[in-house]
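Below: one structure, written as structure tokens.
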Amino acid sequence: MSFELREHTADVAVAADGKTVDEAFGAVADGLAAAMCEAIPDDGDRFSFAVQAENREALLYEYLADCIYQRDVRGVLPVANRVTVDRADDGWRLDASARGVPLGAVDAREVKAVTYSEMRIEQDSDGWNAYVVFDV
Amino acid sequence: MDTYDADGVTLERVEEYVWEIPQEGEMNAPARVLASEELLDQIADDKTLQQLKNSTQLPGVQKYAICMPDGHQGYGFPVGGVAGIDAEDGCISPGAVGFDINCGVRMMTTNLTYEDVQGHEEELVESLFANIPSGLGGGGVVESGVETVEEILDRGVEWALDEGYAVEDDLAHCEDEGRRPDADPDAVSQKSKDRGKNQIGSLGSGNHFLEVQRVTDVFREGVADSYGLSEDQIVVLIHCGSRGLGHQVCTEYTREVEQAHPELLEQLPDKELAAAPAGSQLAEEYYGAMCAAINYAWVNRQLIMHRTRKVFERVFDRSWEEMEMDLLYDVAHNIAKKEAHEVDGEERELYVHRKGATRAFPAGREEVPSAYRDVGQPVIIPGSMGAGSYVLRGGESSMETTFGSTAHGAGRTMSRTQAKDEFWGEDIQDDLREQKVYVKAQSGATVAEEAPGVYKDVDEVVRVSDELGIGDTVARTFPVCNIKG
Chain A
1 MSFELREHTA DVAVAADGKT VDEAFGAVAD GLAAAMCEAI PDDGDRFSFA
51 VQAENREALL YEYLADCIYQ RDVRGVLPVA NRVTVDRADD GWRLDASARG
101 VPLGAVDARE VKAVTYSEMR IEQDSDGWNA YVVFDV
Chain B
1 MDTYDADGVT LERVEEYVWE IPQEGEMNAP ARVLASEELL DQIADDKTLQ
51 QLKNSTQLPG VQKYAICMPD GHQGYGFPVG GVAGIDAEDG CISPGAVGFD
101 INCGVRMMTT NLTYEDVQGH EEELVESLFA NIPSGLGGGG VVESGVETVE
151 EILDRGVEWA LDEGYAVEDD LAHCEDEGRR PDADPDAVSQ KSKDRGKNQI
201 GSLGSGNHFL EVQRVTDVFR EGVADSYGLS EDQIVVLIHC GSRGLGHQVC
251 TEYTREVEQA HPELLEQLPD KELAAAPAGS QLAEEYYGAM CAAINYAWVN
301 RQLIMHRTRK VFERVFDRSW EEMEMDLLYD VAHNIAKKEA HEVDGEEREL
351 YVHRKGATRA FPAGREEVPS AYRDVGQPVI IPGSMGAGSY VLRGGESSME
401 TTFGSTAHGA GRTMSRTQAK DEFWGEDIQD DLREQKVYVK AQSGATVAEE
451 APGVYKDVDE VVRVSDELGI GDTVARTFPV CNIKG
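If you want it as structure tokens, here you go:
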């Protein structure tokens, strides 16, 4: 799994890939953390959260929105993101965990929100790719 | 030149600085770009024109969707976009307002001159930076419980007045007197309120900043007099929005609208334009929540202004009243408002969406505070750290041309990733210091991302606004001290 920060006139975009959807989604969240902070230290405790949605795109939106929400209410930068995506009764469920680096320990900038603009989730012979634009 | 071709989009010149994308295919109305050829070259360089064209597919768009001279690519609706959408038969789109609801600017005047401040810049920038929360996780001037957040959502700056963070005069010089009466705190989720609890009175990061500036030029003496502006005077500009609370409101309502109104979403080319039909329960709820977030943003800027007054008191050893630190005006540039506008000879109620665009009502409109009703509404256009900012007044042509709107800033031309490759924060700070601009930021990367070179020419943006008569230049300012997240 890997990610790249891509150019956008005002905001920032993350292109990520992974062998599985789980890996690709986790890589987007790692890209989100990288968009906020260049040097991430090793400290912080892991925490878990979960989201549900009716389709894959909505699930990725809900997941990244919750990463940002968790950042503000816990006061931590979610890094080293791990994800498990499963089918649920009426759509999809995503269980996530992250290491929460205290914001006081990093030189970080704010990403305001995830957007649907130009969002792509695609499968090819190597695995899964995702592209997400964030509002800065 | 009568037409302009830009990567699949052809614009026709209607008159000087007015370009039109004619209505075709799925478009519900034409689109217009207000720009000189120099600015149009920059606007056509990314996806701005396609995003503008997409926005005309929103049902109920009246006359034309418009891109201001500082427009650039955003998400869904472009930044610098204005759309007047019928409030009875049209829709309201959270994404076309933007995540940072009531991101905006306020300017405070003083009776200090540049000479009074020279020699104190270092102390001033350090003290402002130490006392005004900024960056990620920097807290707020007030950190409170949810009850306080709810009061702020409901009452706006009236809450600040009761708590001693404002004076009556501040309310009189704020758009809507600092309180949106349509605010519905119950339409704001618990999660949004939780994000808002510890950020009341904070700048955030990105392009938000607080700047001590000096007035370098006055272009319209009479209007400047009415605004209390004169050459060499020190003013303070504060640029920020509704923080995590507003971001969460937009995030959640975009999803709710997507789920509740899929039939409308299917007509739209970009999911980020997701809209609730006018008259639907969700349209009302979003409008109430957005208005509540507008109140939160006004309080946010009010608390930062209050803290700034205190810092000036300490640095200059005088009361803020003695320094006449009065609010000139506070304007929103990410907002949707129900407003009455004339369309095809009839007055209609519209949701005027302004995303990266500023209301610019001319003299005589009752919405303009009485202090400025005879001269027109003040419009504050923040520029980059190296180019300065402008004060305009709402122009006579704005109601007809732009639903009473003009630009909101310089507008970016370079991405944040490229900016970090091209500039070093420390180099930028050193260069600016040579121009006697003192900059202090939480993060060097923010300084690089906001380097003067990443922005369009604000002079050209303002010149086009003035030539079109949508916002007339009144005064120009240049930075003295700048703090950011």
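Protein chains in written order, with UniProt numbering: chain A, 1 to 136; chain B, 1 to 485. Even glycine gets a Cβ: it sits at the ideal position worked out from N, Cα and C. Bear in mind that the values here come from a model prediction, so they are computed numbers and not experimental data.
Checklist entry - So, helix, strand or coil for Pro362 (chain B), using DSSP? => result Pro362 (chain B): coil per DSSP, three-state reduction.
Item to check | Exposure label - Asn207 (chain B); buried when at least 16 CB within 10 Å | outcome: buried
Item to check | Per DSSP, cross-strand counterpart(s) of His72 (chain B) | outcome: B:Val79
Checklist entry - Helix or strand or just coil, what does DSSP make of Lys456 (chain B)? => result Residue state, collapsed to three classes: coil.
Checklist entry - Does the Cβ-Cβ distance between Gly196 (chain B) and Leu237 (chain B) come in under 8 Å? => result It is not a contact, given that the beta carbons lie outside the stated cut-off.
Checklist entry - Which one or two residues does DSSP pair with Leu94 (chain A) in a beta bridge? => result A:Val51, A:Val85
Next on the checklist: Using 8 Å as the threshold, is the C-beta distance between Ala83 (chain B) and Ala278 (chain B) below it?
Outcome noted: no
Next on the checklist: Can you tell me whether Ala297 (chain B) is helix, strand or coil according to DSSP?
Outcome noted: Residue state for Ala297 (chain B) is assigned as helix, using DSSP reduced to three classes.
Checklist entry - For a contact meaning CB atoms closer than 9 Å, what does Gly100 (chain A) contact in chain B? => result Here the premise fails: no neighbours, minimum Cβ distance about 11 Å.
Next on the checklist: Quick test of the definition: if touching needs 3 or more C-beta pairs under 8 Å, does the region 32–39 of chain A touch the region 60–79 of chain A?
Outcome noted: yes
Next on the checklist: For Gly356 (chain B), count the other beta carbons within 10 Å of its own beta carbon; 16 or more makes it buried, fewer makes it exposed. Which is it?
Outcome noted: buried
Item to check | Contact belief for Arg135 (chain B) with Gln442 (chain B) at Cβ below 8 Å, rounded distance in angstroms | outcome: Note that residue 135 (chain B) corresponds to Gly in the displayed sequence, not to Arg. About 3 Å; that satisfies the 8 Å criterion.
Item to check | Classification of Ser125 (chain A) by the beta-carbon crowding that lies within 10 angstroms, buried from 16 upward | outcome: exposed
Next on the checklist: Is there a C-beta anywhere in chain A that falls below 8 Å from the one on Cys250 (chain B)?
Outcome noted: At least one CB atom of chain A sits nearer than 8 Å to the CB of Cys250 (chain B).
Item to check | Reference Arg93 (chain A), options A:Asp22, A:Ala16, A:Val111, A:Val12, closest by Cα | outcome: A:Asp22
Item to check | Among A:Gln123, A:Ala10, A:Asp89, the one whose alpha carbon lies nearest that of Ala53 (chain A) | outcome: A:Asp89
Checklist entry - Using the rule of at least 16 other Cβ atoms within 10 Å of the residue's Cβ for burial, across every protein chain shown, is Glu266 (chain B) buried or exposed? => result exposed
Item to check | Bridge partner(s) assigned by DSSP for Leu303 (chain B) | outcome: Bridge pairing for Leu303 (chain B): absent [DSSP].
Checklist entry - Taking the alpha-carbon positions, what's the Val83 (chain A) to Gly75 (chain A) distance? => result The alpha-carbon separation between Val83 (chain A) and Gly75 (chain A) amounts to approximately 21 Å.
Item to check | Contacting residues, own chain, Cβ-Cβ under 8 Å from Asn28 (chain B) (five flanking each side not counted) | outcome: Thr56, Gln57, Leu58, Pro59, Gly60, Val61
Checklist entry - Hey, Thr477 (chain B) and Glu324 (chain B): beta-carbon distance below 8 Å or not? => result no
Next on the checklist: Short of 7 Å in beta carbon distance, which residues of its chain neighbour Asn429 (chain B), apart from the five on each side in sequence? Order them along the chain.
Outcome noted: Residue identity differs from the one stated: residue 429 (chain B) is Gln in this sequence, not Asn. Contacts found: Val439, Val447.
Checklist entry - Using CA coordinates, which residue listed in B:Gly204, B:Glu321, B:Gly228, B:Glu258 is at the minimum distance from Cys240 (chain B)? => result It is B:Gly204 whose Cα lies nearest to the Cα of Cys240 (chain B).
Item to check | Residues near Glu258 (chain B) in its chain [Cβ-Cβ closer than 8 Å; skip 5 each side] | outcome: Residues Leu265, Lys271, Ala274 of the same chain have their beta carbon placed closer than 8 Å to that of Glu258 (chain B), with the five preceding and five following residues left out of the count.
Next on the checklist: Can you look up Met107 (chain B) in the DSSP assignment and give me helix, strand or coil?
Outcome noted: Met107 (chain B) falls in the strand class under three-state DSSP.
Next on the checklist: With a threshold of 8 Å on Cβ separation, who are the neighbours of residue 547 (chain B) within its own chain once the five nearest residues in sequence on each side are excluded?
Outcome noted: Residue 547 (chain B) is absent from the structure shown; chain B starts at 1 and stops at 485.
Checklist entry - So who's on the other strand from residue 486 (chain B), going by DSSP bridges? => result Outside the displayed span of chain B (1 to 485) sits residue 486 (chain B), for which this structure offers no information.
Checklist entry - Closest to Glu20 (chain B) by CA distance: which of B:Asp194, B:Leu52, B:Pro262, B:His333 is it? => result B:Leu52
Checklist entry - How big is the Cα-Cα spacing for Asp421 (chain B) and Lys456 (chain B)? => result Distance between the alpha carbons of Asp421 (chain B) and Lys456 (chain B) is about 19 Å.
Checklist entry - Can you list, in chain order, the residues of the region 54–82 of chain B whose Cβ is nearer than 8 Å to any Cβ on chain D? => result The question asks about chain D, but that chain is absent: this structure's protein chains are A and B.
Next on the checklist: Am I right that Val249 (chain B) and Ala293 (chain B) are in contact with their C-beta atoms under 8 Å? What's the rounded C-beta distance?
Outcome noted: 5 Å
Checklist entry - At what residues does the beta strand (DSSP E) containing Pro378 (chain B) begin and finish? => result Going by DSSP, Pro378 (chain B) is part of the beta strand (DSSP E) stretching over 378–381.
Item to check | Within-8 Å CB hit, Asp30 (chain A) to chain B | outcome: no
Checklist entry - Among the residues of its own chain, which have a CB less than 7 Å from the CB of Asn198 (chain B), if the five just before and after it don't count? => result Gly139, Gly140, Glu143
Checklist entry - Counting contacts by CB-CB distance shorter than 8 Å, is Asn412 (chain B) in contact with chain A? => result Position check: residue 412 (chain B) holds Arg in this sequence, whereas Asn was assumed. Chain A contact via Cβ: present.
Item to check | Cα-Cα separation, residue 489 (chain B) to Pro181 (chain B) | outcome: The structure shown has nothing for residue 489 (chain B), since chain B only spans 1 to 485.
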